[in-house]
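Colleague: Starting off with a structure, shown below.
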Amino acid sequence: MHTRKQLALQLFLGLFQLFHLTDKGYASPVTIPVTLTTTLGDVVGVRQTTGATPVDTFYGIPYAQPPVGLMRFKPPVAPEPWDGAKCGLEKPHSCWQEVDTYFDNFRGANMWNPNTPRSEDCLYLNVWRPACDSGCQPKTIMMWIFGGGFFSGTSTLDVYNAAQLAARNDVIVVSFGYRVGIFGFLYLGNDSAPGNAGLLDQVMALKWVKDNAVNLGGSPDDITIFGESAGAVSVGFHLLSPLSKDLFKYAIMQSASPIAFWSLQDVELASSRARKLARDLSCNLESASDVLTCLQAVSAEKFVNFTYEYNTEPYLDVAFGPVVDGNFLTDNPVSIIKRGEAKKTRVILGVNKNEGYYFEVYAHKDTFDPLNKNGTISETDYQTILTYLFNNDTAVIQEVKQKYPVDSNNSFSTNIDSITGDMFFKCPVVDFAELYSRHSDAVYMYSFEHRTSQTPWPEWMGVLHGYEIEVIFGLPLAAGSNYTEAEKGLSSLMMKLWTDFAKTGKPSPTDEDRWPEYKPDEQTYVVIDIGGPRIDHKLRDGHCPFMVNIAGK
Numbered sequence: 142m143h144t145r146k147q148l149a150l151q152l153f154l155g156l157f158q159l160f161h162l163t164d165k166g167y168a169s170p171v172t173i174p175v176t177l178t179t180t181l182g183d184v185v186g187v188r189q190t191t192g193a194t195p196v197d198t199f200y201g202i203p204y205a206q207p208p209v210g211l212m213r214f215k216p217p218v219a220p221e222p223w224d225g226a227k228c229g230l231e232k233p234h235s236c237w238q239e240v241d242t243y244f245d246n247f248r249g250a251n252m253w254n255p256n257t258p259r260s261e262d263c264l265y266l267n268v269w270r271p272a273c274d275s276g277c278q279p280k281t282i283m284m285w286i287f288g289g290g291f292f293s294g295t296s297t298l299d300v301y302n303a304a305q306l307a308a309r310n311d312v313i314v315v316s317f318g319y320r321v322g323i324f325g326f327l328y329l330g331n332d333s334a335p336g337n338a339g340l341l342d343q344v345m346a347l348k349w350v351k352d353n354a355v356n357l358g359g360s361p362d363d364i365t366i367f368g369e370s371a372g373a374v375s376v377g378f379h380l381l382s383p384l385s386k387d388l389f390k391y392a393i394m395q396s397a398s399p400i401a402f403w404s405l406q407d408v409e410l411a412s413s414r415a416r417k418l419a420r421d422l423s424c425n426l427e428s429a430s431d432v433l434t435c436l437q438a439v440s441a442e443k444f445v446n447f448t449y450e451y452n453t454e455p456y457l458d459v460a461f462g463p464v465v466d467g468n469f470l471t472d473n474p475v476s477i478i479k480r481g482e483a484k485k486t487r488v489i490l491g492v493n494k495n496e497g498y499y500f501e502v503y504a505h506k507d508t509f510d511p512l513n514k515n516g517t518i519s520e521t522d523y524q525t526i527l528t529y530l531f532n533n534d535t536a537v538i539q540e541v542k543q544k545y546p547v548d549s550n551n552s553f554s555t556n557i558d559s560i561t562g563d564m565f566f567k568c569p570v571v572d573f574a575e576l577y578s579r580h581s582d583a584v585y586m587y588s589f590e591h592r593t594s595q596t597p598w599p600e601w602m603g604v605l606h607g608y609e610i611e612v613i614f615g616l617p618l619a620a621g622s623n624y625t626e627a628e629k630g631l632s633s634l635m636m637k638l639w640t641d642f643a644k645t646g647k648p649s650p651t652d653e654d655r656w657p658e659y660k661p662d663e664q665t666y667v668v669i670d671i672g673g674p675r676i677d678h679k680l681r682d683g684h685c686p687f688m689v690n691i692a693g694k
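Shown next, in the form of C-alpha cells:
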C-alpha cells in the first residue's frame, strides 16, 4: 500500500527523472500527472509533450506477481489488487541476465545492455498512449516484444521509447519485461520446472492487455503484436500456441521466425543442461522436486555466470531456450502450420540487409574487430570461419563455397555476412513466409536496406541486425536528434506502414502506395530504403532452399 507521502515523493522523483529525459531527446518537459485505472488498481503516470500530441506514459505496471522464491522457474501468477495508486513514473527493473562487456564501453554494444537494475522482480508493463480526456474513440493497441536471443533484453531501452510512435500515429503502445535465460527457460521435464516460463510471461502480459484494453483507451479486439529477433520468434510462437493465438489480431515479425533452428531446443538437450546446471550448483539430488527446491535457494547472481557455459554450437546456441512442452507449444512450428492449426491472420515479416555481421564480430573478434579493423579478411580467415561455422564438415564447406562464390573483389567478408545472415535469419523468414502464406489471410514481406547516419558500428558492417528498430520507434523525430531530414522522412514512413497495418491489416491502404501481398509463386516483397519503397521479387532466391537443407544437417 502506498501512503500519500510515499506517493508524493515517488511522483516528485519520477517527474524529475522524466524531465531529464529531455536531455536525451526522448521527451519534452513534463506537464501534468495522469491516472490509469486498471482491473487491479490505479497507476499514476505523466502526460508529456511529444510534438503536437501529448502522450500519457505509465511505467512499471505489474502484470504478474514477482517470480521469486518458490515461484522461480514456475509459470507466472496473476498479481493481487492494490489499494491507493501505484507510481508509474519510474522504469521497472530488467530481468536477470549477463551484461555484455565484450567491447568494453562501446556504444554499439552498450545500447542493448540493461539500463535499469537487474532483478527477478521484473514482470511489468509500460504504456504510451495519445492523451485524450473526452469523446475518445478506441485506439489500436500495439504490443512490443523485445529480442535478445532469449538470454538477454529488456523493455526499458532508450531505443524502445514509444512516445513518438504513439503520438504521431494515434496508437497505444505497450512493452513489457519477461524472464530470460535460466530464469525463463529452465526445463526439468516435469511440473517442477516445465519450461517456457518466459513465453508464459508473455501470454500473461497479453491477457492483461486484452483485459485492460478498454481502460487503456483501446479495444480487446484490436491488438497487434510486434517484435524483433527473439521477439519476432516469440510473435511467431504466439501465432501457433493454443494459449495465446486468440489474444491478438495481427502480427509483425522483424528479422526472425519460429522455424529458425536456434528458436527451439530439443527437450532432451534442455533437460540434460538443466541437470548439468544442478550438478554444477551442488543441487544434484534424486527427486526433481528436491532439485527445484535447491535451485530456488541459489542466489540469482550465480545463475548469470552460467549463461554461456553450456553452449555447444559456434553461433546462436541458446543455452536455455524455448521447447515443445505440450502446453504452450504442442508440436514443432512447421507441423502446426501444415496441419492448419496456426492462427489465420495477416502478418508483416522481413529482414535487414546485413543480418550476419553483428554476430560475426562477437564470434570472431580477432578477425572482425569493429573497433580496430576495416572489415576486410583474408582467404585464410575465410576458410577458418567456414570451418568453425560448419563444424569442420569439408563436404558441406565445399557446397557452401560453390553456392556463395567469391566475386572479383575477393569479398570474403561480404560472403561471410551473407552466409551467416541467410542461415540464421533471412532464410528462416523467407521459408516461414512461403509456408504461412498458404495458411493465412495475408503475408507482407520487406527488406530494410538503409544504414542510418547514427549507427555506431563501422560503415562496412552495413544495415545491421536490430537497427531498423530506431526508425520504427521514431527516434529520428525525437527532439534534439542528429538524424538527417531524409531519415526523419523514412522514420515517418515506417511508422505509418507499421501502424496502418496494425489498424487495417494492410501496411499501405492506399492504391497509389500499394504494398503487394507475398504469394508463394511471385514472392513479392518491398525494399524499404531512403529513396522510398520499391517492389522486388524472390528475396535470396536460390540460396534459401540450399541453406535450409544445410542448416538441417
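Residue numbering for the sequence shown follows the numbering used here, beginning at 142 and increasing consecutively. The beta-carbon is built from N, C-alpha and C at its ideal position, and this holds for glycine as well.
Using DSSP with H/G/I as helix, E/B as strand and the rest coil, what is Asp164?
Modeller: Low confidence applies here, because Asp164 scores a pLDDT of 39, under 50, leaving its location unreliable; read the following figure in that light. Here Asp164 sits in helix by DSSP.
Colleague: Report the start-end ranges of each beta strand (DSSP E) in the region 430-504 that is 3 residues or longer and not cut off at the edges.
Modeller: As far as the region 430-504 is concerned, its whole beta strand (DSSP E) runs of at least 3 residues are 487-493.
Colleague: Tell me which same chain residues have a C-beta within less than 8 Å of the C-beta of Ile691, skipping the five on either side of it?
Modeller: Same-chain partners within the cutoff: Phe531, Val537, Glu540, Val541, Met564.
Colleague: For Val445, which residues from the same chain have a beta carbon less than 7 Å from its beta carbon, with the 5 sequence-adjacent residues on both sides left out?
Modeller: Here the set comprises Trp237, Gln238, Glu239.
Colleague: Out of Thr365, Met252, Lys485, Glu590, which one is the CA nearest neighbour of Gly672?
Modeller: Considering only alpha carbons, the answer is Glu590.
Colleague: Would you call Pro258 buried or exposed, if buried means 16 or more other Cβ atoms sit within 10 Å of its Cβ?
Modeller: It counts as exposed.
Colleague: Among residues of its own chain, excluding the 5 on either side of Ala250, which ones have a beta-carbon nearer than 6 Å to its beta-carbon?
Modeller: Cβ within range, chain order: Asp241, Phe244.
Colleague: Let me know the beta strand (DSSP E) ranges lying completely inside the region 389-432, each 3 residues or longer, listed in chain order.
Modeller: DSSP runs (the beta strand (DSSP E)) wholly in the region 389-432: 391-395.
Colleague: Would you check if the distance between the CB atom of Leu433 and the CB atom of Ala334 is smaller than 7 Å?
Modeller: It is a contact, given that the beta carbons lie within the stated cut-off.
Colleague: Work out the CA separation of Thr448 and Gly288 for me, nearest whole Å.
Modeller: When rounded, the distance between both Cα atoms is 16 Å.
Colleague: Here's the rule I'm using: 16 or more other beta-carbon atoms within 10 Å means buried, otherwise exposed. How should Lys679 be labelled?
Modeller: By the 10 Å Cβ count, Lys679 comes out exposed.
Colleague: For Val268, which beta-bridge partners are listed by DSSP?
Modeller: DSSP lists Phe199, Val315 as partners of Val268.
Colleague: Assuming the contact rule is C-beta atoms closer than 8 Å, Val571 and Cys685 should be a hit. Round their C-beta distance to whole Å, please.
Modeller: The pair is a contact, with the Cβ atoms about 5 Å apart (cut-off 8 Å).
Colleague: Could you spell out where the beta strand (DSSP E) holding Met586 opens and where it closes?
Modeller: Met586 -> beta strand (DSSP E) spans 583-589.
Colleague: Alpha carbon to alpha carbon, how far is Thr180 from Asn353? Give it in angstroms, no decimals.
Modeller: Taking the straight line from one Cα to the other gives about 7 Å.
Colleague: On the DSSP letters alone, give me the boundaries of the alpha helix (DSSP H) that Pro569 sits inside.
Modeller: Counting along the chain, the alpha helix (DSSP H) containing Pro569 begins and ends at 568-577.
Colleague: Assuming Thr281 contacts Gly359 under a Cβ cut-off of 8 Å, what Cβ separation, rounded to an integer in Å, is found between them?
Modeller: Confirmed, about 7 Å.
Colleague: Would a check of beta-carbon distances place Phe444 closer than 7 Å to chain D?
Modeller: Absent from the structure is chain D; it holds one protein chain and no more.
Colleague: State yes or no: is the C-beta of Ile400 within less than 7 Å of the C-beta of Pro569?
Modeller: Their beta carbons are under 7 Å apart, which means Ile400 touches Pro569 by this criterion.
Colleague: Using alpha carbons as the reference points, say which of Leu388, Lys660, Phe509 lies closest to Asp582.
Modeller: The shortest Cα separation from Asp582 among Leu388, Lys660, Phe509 belongs to Lys660.
Colleague: Using 10 angstroms around the beta-carbon of Gln543, count the other beta-carbons present and answer buried if the total reaches 16, otherwise exposed.
Modeller: It is exposed - the Cβ of Gln543 has fewer than 16 other Cβ atoms within 10 Å.
Colleague: Judging by CA-CA distance, which residue of Tyr585, Pro599, Val612 is the nearest neighbour of Val667?
Modeller: Ranking Tyr585, Pro599, Val612 by Cα distance to Val667 puts Tyr585 first.
Colleague: Looking only at C-alpha atoms, which of Ala392, Ile202, Pro174 sits nearest to Tyr265?
Modeller: Checking every option, the nearest Cα to that of Tyr265 belongs to Ile202.
Colleague: Thinking just about the alpha-carbon of each residue, which of Phe566, Val464, Glu261, Tyr624 is nearest to the one in Val408?
Modeller: The option with the nearest alpha carbon to Val408 is Val464.
Colleague: With 16 other CB atoms within 10 Å as the buried threshold, where does Asp164 fall?
Modeller: Low confidence applies here, because Asp164 scores a pLDDT of 39, under 50, leaving its location unreliable and the question unanswered by this model.
Colleague: If you check the beta carbons only, do Val374 and Ile610 fall under 7 Å apart?
Modeller: No; because the gap between Cβ atoms is not below 7 Å, this pair is not in contact.
Colleague: Output needed for Cys424: all residues of its chain with C-beta closer than 6 Å, excluding positions within five of it in sequence on either side, in chain order.
Modeller: The answer, listed in chain order, is Val432, Cys435, Leu436.
Colleague: Is it the case that the Cβ atoms of Tyr451 and Arg414 are separated by a distance below 7 Å?
Modeller: Contact flag set, yes.
Colleague: By the three-class DSSP mapping on this structure, what secondary structure does Ser260 have?
Modeller: Three-state result, Ser260: strand.
Colleague: Between His234, Ile489, Lys647, which lies nearest to Tyr577 when the distance is taken from Cα to Cα?
Modeller: With distances taken between Cα atoms, Tyr577 lies closest to Ile489.
Colleague: Quick one: grab the DSSP three-state call for Pro174.
Modeller: Strand, per DSSP.
Colleague: Tell me, to the nearest whole angstrom, how far the beta carbon of Phe614 is from that of Leu306; I am working on the premise that it is less than 8 Å.
Modeller: Right, the Cβ-Cβ distance comes to about 5 Å (below 8 Å), so this counts as a contact.
Colleague: Which same chain residues, not among the five before or five after Ile173, have their C-beta less than 6 Å away from its C-beta?
Modeller: Answer for Ile173: Arg188, listed in chain order.
Colleague: Consult DSSP for Leu605 and reduce its assignment to one of helix, strand or coil.
Modeller: Leu605 falls in the strand class under three-state DSSP.
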